Amino acid sequence: MGMYVVSLRLPDFFDEEFVALIPRHRAFINSLIEENVVVSYAISADRSRGWVTMQGPNAETVRAVVEQFPLYRFLKQIEIDELFVFDSSASRLPKISLN
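Residue numbers (the numbering used here): 1 to 99.
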């Protein structure tokens, strides 16, 4: 199973239709996180870009999942890159406390 980072370019303006889909989109992302398909999800502070780290057998499978995002039709640009290394504090074993 490969690890991929998906870079998203969000629309310049969020119309009512876009905003109305946000709760459904977040619920979908949360379900993918619970299924360990999405490892991390981030949106820039200015809300212009997003990054989703995902697991999948290949880039085509990852793209197929991204195309299911409720906000997919509003995304201006999508780039998918396979990662050679992905390390984070979340992927490490928890620190042991002897208390």
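Where is the CB? At the ideal position from N, CA and C, for every residue including glycine.
Treat the numbers as computed from the prediction; the structure is a model and nothing was measured.
Burial state of residue i (16 or more Cβ within 10 Å)
{"i": "Val72", "result": "Reading off the sequence, residue 72 comes out as Tyr, not Val. Exposed."}
{"i": "Leu8", "result": "buried"}
Reduced DSSP category for residue i - H, G, I as helix; E, B as strand; rest coil
{"i": "Glu82", "result": "strand"}
Proximal residues to residue i (C-beta, below 6 Å), its chain only, five neighbours per side dropped
{"i": "Phe74", "result": "Pro11 and Phe18"}
{"i": "Val62", "result": "Tyr4, Met54, Gly56 and Ile80"}
{"i": "Leu32", "result": "Val38"}
Cβ neighbours of residue i in the same chain (closer than 8 Å, five flanking residues each side left out)
{"i": "Pro23", "result": "none"}
Point to revise | Start-end ranges of the alpha helix (DSSP H) lying completely within the region 7 to 50, minimum 4 residues | key: 16 to 34
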